[in-house]
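The block underneath contains the structure these notes are about, expressed in structure tokens.
Right, dumping it as structure tokens:
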């Protein structure tokens, strides 16, 4: 009768060890697969976000280039205040850290660029807007 409890423990022990072995094996396989797919997904998201930022900056730079060409052709085409805002936009665009996407100031810098662009277009009475991004800052936060 002494052996009955010992046999019960011995009987359950292999199934507990088997369960733990399968759990550890499944965890390792899942972790390894996650590393591979996570890197690829991160790369894809990075490419998409980088393209969107580049496209938006290119839009603002293109508008600025056109305005600066107008100024070269006719200096008095825009008021001094508008020209000053254009110069400030040019500085903001030139300082944007394209090669440092992890810079913590990129969001703040992009907001300053957007605001300066809106100031210029409002001064010109133009209804121009970059259409590749949502117009509401609430949507910007939700997209992240």
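In the numbering used here, the protein residues as written are 1 to 144.
We put the beta carbon where it would ideally sit given N, CA and C, even for glycine.
Worksheet item: Where residue 84 and residue 96 are concerned, what is the direct C-alpha to C-alpha distance, given to the nearest angstrom?
Response: Those two C-alpha atoms are separated by around 19 Å.
Worksheet item: How about residue 113 and residue 86: do their beta carbons lie closer than 8 Å?
Response: Not a contact, by the Cβ cut-off of 8 Å.
Worksheet item: Near residue 132, which residues of its chain fall below 8 Å by C-beta distance, leaving aside the five closest residues on each side in sequence?
Response: The residues are 52, 55, 56, 59.
Practice prompt. Check residue 126 in the structure and name its three-state DSSP category.
Written response: Residue 126: coil per DSSP, three-state reduction.
Discussion item. Just verifying my parser: in three-state terms, what is the DSSP assignment at residue 85?
Written reply: In this structure, residue 85 counts as helix in the three-state DSSP scheme.
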